[in-house]
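Take a look at the structure set out below.
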Amino acid sequence: MLKTLLTSTGSSRPEWTRPRWAAALILALGLAATGAARAETILVFGDSLSAAHNMPTDKGWVHLLQQRLGDKDKVINASISGETTSGGLERLPKALEQFDPDIVLLELGGNDGLRGLPPAQIQSRLDKMIQLIQNHPARVGLLGIMVPPNYGQNYSTAFKNIYPTLAEKYALPLEPFMLDGVALDDDLMQDDAIHPNARAQPKVLDNVWSVVDELLSLPPASKSS
Numbered sequence: 280m281l282k283t284l285l286t287s288t289g290s291s292r293p294e295w296t297r298p299r300w301a302a303a304l305i306l307a308l309g310l311a312a313t314g315a316a317r318a319e320t321i322l323v324f325g326d327s328l329s330a331a332h333n334m335p336t337d338k339g340w341v342h343l344l345q346q347r348l349g350d351k352d353k354v355i356n357a358s359i360s361g362e363t364t365s366g367g368l369e370r371l372p373k374a375l376e377q378f379d380p381d382i383v384l385l386e387l388g389g390n391d392g393l394r395g396l397p398p399a400q401i402q403s404r405l406d407k408m409i410q411l412i413q414n415h416p417a418r419v420g421l422l423g424i425m426v427p428p429n430y431g432q433n434y435s436t437a438f439k440n441i442y443p444t445l446a447e448k449y450a451l452p453l454e455p456f457m458l459d460g461v462a463l464d465d466d467l468m469q470d471d472a473i474h475p476n477a478r479a480q481p482k483v484l485d486n487v488w489s490v491v492d493e494l495l496s497l498p499p500a501s502k503s504s
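Residues in the sequence shown are numbered consecutively from 280, following the working numbering.
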């Protein structure tokens, strides 16, 4: 095919330009092939909202994400039910070393909020995790959550603001509330009114997808050899 393209340019083009044109075409084709072959390892680092709590793993949004992406990209779920920002900060370095991700979806803070921990403390731990991920280096996206309104407006607002504040500080893709359109729908929530059920998982994935899509469009982080 390349030979046909090179020999069908006509005699009006000066002979000296053909090698340069051919080299440019070969370079472009090579770059396109490299981009098409690019595969990503995506690490989901969260709590029960990402750990398929009380349902088969293959029903959870993380498994559905792998299905949507297909076989080229690899999704690893390092989420643990009950995880807090304190526990996440402690185990994150080992997870980064073990899985060497290109992308990390950071979904933590909900359990801290349910325990009424100070928002400033939660934000500080998430901030440290973001720095660890970027220094790995990998690209990071934030998946936000909110606490129920019975915690009081001041606390609820301060907690909600954690995620956009960090996203702005580090210019990160953000889903402000990953349970948007789910949390207030009894048909999509488990009996505890905290965890989404299996029917809700495709909607959760749709909420998260914009963050994943944006991260996949960004250039890879430069890793030292």
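Where is the CB? At the ideal position from N, CA and C, for every residue including glycine.
CA-to-CA distance, residue j to residue i, given in whole angstroms
i: residue 443; j: residue 405; result: 12 Å
i: residue 499; j: residue 418; result: 8 Å
i: residue 489; j: residue 445; result: 18 Å
i: residue 527; j: residue 502; result: No answer is possible for residue 527: the residues shown for the chain start at 280 and end at 504.
i: residue 378; j: residue 408; result: 16 Å
i: residue 362; j: residue 369; result: 11 Å
i: residue 426; j: residue 485; result: 21 Å
i: residue 424; j: residue 402; result: 13 Å
i: residue 354; j: residue 340; result: 11 Å
i: residue 420; j: residue 411; result: 13 Å
i: residue 430; j: residue 441; result: 16 Å
i: residue 464; j: residue 470; result: 12 Å
i: residue 376; j: residue 322; result: 12 Å
i: residue 331; j: residue 448; result: 30 Å
i: residue 487; j: residue 454; result: 6 Å
i: residue 496; j: residue 351; result: 15 Å
i: residue 483; j: residue 422; result: 11 Å
i: residue 467; j: residue 371; result: 31 Å
i: residue 342; j: residue 478; result: 14 Å
i: residue 438; j: residue 494; result: 24 Å
i: residue 320; j: residue 346; result: 14 Å
i: residue 428; j: residue 360; result: 22 Å
i: residue 456; j: residue 367; result: 20 Å
i: residue 374; j: residue 358; result: 11 Å
i: residue 450; j: residue 458; result: 22 Å
Min CB distance residue i to chain C below 8 Å
i: residue 392; result: Absent from the structure: chain C. Only one protein chain is present.
Option nearest residue i by Cα separation, candidates the options
i: residue 383; options: 452, 342, 469; result: 452
i: residue 356; options: 460, 365, 337, 369; result: 337
i: residue 415; options: 482, 423, 427, 381; result: 381
i: residue 480; options: 461, 470, 359, 455; result: 461
i: residue 433; options: 420, 449, 399, 412; result: 399
i: residue 349; options: 360, 365, 318, 323; result: 318
i: residue 333; options: 483, 474, 496; result: 474
i: residue 364; options: 395, 347, 496, 342; result: 395
i: residue 397; options: 459, 450, 435; result: 435
Start-to-end residues for the beta strand (DSSP E) that takes in residue i
i: residue 392; result: Here residue 392 belongs to no beta strand (DSSP E); instead the alpha helix (DSSP H) covers 389-393.
i: residue 420; result: 418-422
i: residue 356; result: 353-356
Opposing strand residues paired with residue i [DSSP bridges]
i: residue 324; result: 385
i: residue 475; result: 468
i: residue 454; result: 422
Range covered by the alpha helix (DSSP H) that runs through residue i
i: residue 486; result: 480-496
i: residue 441; result: 441-449
i: residue 376; result: 364-378
i: residue 341; result: 340-348
i: residue 428; result: First-last for residue 428: undefined, no H or E at that position.
i: residue 398; result: 398-414
Can you confirm whether the stretch 380-390 touches the stretch 314-330 when touching is taken to mean that 3 or more C-beta pairs between the two stretches lie within less than 8 Å? yes
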